[in-house]
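Taken in order, these protein sequences are the chains called A and B. Note that my numbering numbers the first sequence so that position 136 is 136, with each residue one more than the last. To convert, count from 1 in the second sequence and add 1000; that's my numbering.
There are 2 protein chains.
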Amino acid sequence: MARKRFNDMPCSIAQTLNLVGDWWTLLIIRDAFFGARRFAEFESRLGIAKNILANRLSQLVDNGIMQKVDIGQTGTHYAYELTEKGRDLFPVLTALRQWGDKWVYGEGCAPMDIIERKSGRPLARMLPLGADGEPVALGDLEIRLKEKS
Amino acid sequence: MARKRFNDMPCSIAQTLNLVGDWWTLLIIRDAFFGARRFAEFESRLGIAKNILANRLSQLVDNGIMQKVDIGQTGTHYAYELTEKGRDLFPVLTALRQWGDKWVYGEGCAPMDIIERKSGRPLARMLPLGADGEPVALGDLEIRLKEKS
DNA sequence: TTTAATGGTTTCATTACGCAACCAAAGGAG
DNA sequence: CTCCTTTGGTTGCGTAATGAAACCATTAAA
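This is the structure in C-alpha cells:
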C-alpha cells in the first residue's frame, strides 16, 4: 500500500506536513535559507542522493515553495530559490532549531548561533504569545473547530 | 539501503527532525496536545496502523518526549502523555499550523482556531524576534558556527 | 576533439509503511 | 469455572519510498 498522506485531514498542521514533512524536505529548505541555490550545492551539503533531491526539489517547485530559475544562457545552469511562501517557513525552522538547541545539545552548546546583526545578539526564544504579548499557558487555550458550510 | 538518518549532522534542525521528523510523529504529538492519551484514541483519531503507532510511541518514549503511564490496576491500561520535553514542542506545532492557516487555507479559512481563553482571541502570529522585541528581517541575520573544541 | 561540469534519469537492492490477521492478559457475564 | 470483550499490542505479507551507483544529454572549456 502507498504511504498514507494527510490530504484529507482538515488540519493546518497535517496539511503543512503533507507539503514539507517528507524526509529531507525541511533540510533542503534550511540550506536554501543558508544560501544554497544550485542542485550540486544542495547535493554536497546534504549528502542526499541525486534522485531524491531531484524529486524533492520538483515537489517544492510544484507546491510553490521554491522556484527554479534559469541562470545560464541556454539552460544548463539553474538556481533554486525560496518564494515568499517558502521564506515564510522561517518560523518553523526557527522553532525546530530552538527546540534542538535546548533539548538535544543543551543551552549554550548548540553547534550554531543565529545572530541579529543589528544587536549582535541571538534571536529571542520563539513562544506563542497571547493578545497581550505575553506567553500563553497551554491550559489557557481552547480549540475551536469551524463548522463546515 | 536503510533510510539515512541525520544523527551525524551538527545542526539542531537536523537533530530535531531525527527525533520527530518521521511520518506521523508530529501528528501523534499534536493529538497528545489535543487531549489524546490512550493507544486506541491515537489510533482512531489518526487512522494510523497499529504497528506504526506502536513503533512511534515507543520511539517517543525512548526519546523522553512522551511517557507511558500504567493507569490500570495490573497493566492492561496505559496512558501516553507528553513530558516537559514534549510539551516544549508546542511552538513547533504552532508555527506549522500558522503556516498552513495562511498558505494552505488562507487567512480566516482555517478549519480550527486556537483561542486564548483569557482574551477570547486567537494566538498572535509567531515570528522570530530580535533583542528589541521586533520581528527580524532575514537579511539582518548572521549564522555563526561554533568551532568544535 | 576530447574532457569536464551541470543537472539530472535509470536500475536495482533494501527498508519503511499499510493492512489485516492473530494474540495474550485482564475483567466481566453467565 | 468458562466464555466473551476490551486493550494494547505483534506478525506476515505486499507495495511504495529511499539510497547508491551507473549512466546520460547538453553546453562549455581545453
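Backbone N, C-alpha and C define an ideal beta-carbon position, used for all residues, glycine too. Quick caveat: nothing in here was measured; it's all calculated off a predicted structure.
Rounded C-alpha distance that separates residue i from residue j
{"i": "A/Ala131", "j": "B/Pro1128", "result": "17 Å"}
{"i": "B/Arg1125", "j": "A/Met126", "result": "11 Å"}
{"i": "A/Val136", "j": "B/Ile1029", "result": "19 Å"}
{"i": "B/Thr1094", "j": "A/Pro122", "result": "21 Å"}
{"i": "B/Glu1081", "j": "A/Glu107", "result": "25 Å"}
{"i": "A/Phe90", "j": "B/Gly1035", "result": "28 Å"}
{"i": "B/Glu1147", "j": "B/Gly1021", "result": "27 Å"}
{"i": "A/Gly120", "j": "B/Thr1076", "result": "55 Å"}
{"i": "B/Glu1134", "j": "A/Gly133", "result": "12 Å"}
Distance between beta carbons of residue j and residue i, contact taken as under 8 Å
{"i": "B/Gly1100", "j": "A/Ile13", "result": "6 Å"}
{"i": "A/Met112", "j": "B/Cys1011", "result": "7 Å"}
{"i": "B/Gln1059", "j": "A/Val104", "result": "With 8 Å as the limit, B/Gln1059 and A/Val104 do not qualify as a contact, their Cβ atoms being about 15 Å apart."}
{"i": "B/Leu1141", "j": "A/Ile65", "result": "Not confirmed; about 20 Å, so no contact."}
{"i": "A/Val92", "j": "B/Leu1096", "result": "6 Å"}
{"i": "B/Arg1087", "j": "A/Leu138", "result": "7 Å"}
Same chain, Cβ closer than 8 Å to residue i, five either side skipped, listed in chain order
{"i": "A/Tyr78", "result": "Arg38, Phe39, Lys68, Val69, Asp70, Ile71 and Gly72"}
{"i": "B/Leu1053", "result": "Trp1024, Ile1028, Phe1039, Phe1042, Glu1043 and Leu1046"}
{"i": "B/Asn1051", "result": "none"}
DSSP state of residue i mapped onto helix, strand, coil
{"i": "B/Val1136", "result": "coil"}
{"i": "B/Ile1128", "result": "Reading off the sequence shown, one finds Pro at residue 1128 of chain B, where the question assumed Ile. Coil."}
{"i": "A/Leu123", "result": "coil"}
{"i": "A/Asp88", "result": "coil"}
{"i": "A/Glu116", "result": "strand"}
{"i": "B/Gly1035", "result": "coil"}
{"i": "B/Trp1103", "result": "helix"}
{"i": "A/Arg97", "result": "helix"}
{"i": "A/Arg30", "result": "helix"}
{"i": "A/Thr25", "result": "helix"}
Neighbourhood of residue i by C-beta distance below 7 Å, restricted to the same chain and skipping five residues each side
{"i": "A/Asn18", "result": "Arg5, Phe6 and Asn7"}
{"i": "B/Asn1151", "result": "With chain B covering only 1001 through 1149, there is no way to say anything about residue 1151 of chain B."}
{"i": "B/Thr1083", "result": "Gly1064, Ile1065, Met1066 and Gln1067"}
Range covered by the beta strand (DSSP E) that runs through residue i
{"i": "A/Arg144", "result": "Leu141 to Leu145"}
{"i": "A/Lys68", "result": "Met66 to Asp70"}
{"i": "A/Ala79", "result": "Tyr78 to Leu82"}
Contacting residues, own chain, Cβ-Cβ under 6 Å from residue i (five flanking each side not counted)
{"i": "A/Ala110", "result": "Asp101"}
{"i": "B/Leu1026", "result": "Val1020"}
Residue range of the unbroken alpha helix (DSSP H) whose run includes residue i
{"i": "B/Asn1051", "result": "Lys1050 to Asp1062"}
{"i": "B/Thr1014", "result": "For the sequence presented, residue 1014 of chain B should be read as Ala rather than Thr. Counting along the chain, the alpha helix (DSSP H) containing B/Ala1014 begins and ends at Ser1012 to Val1020."}
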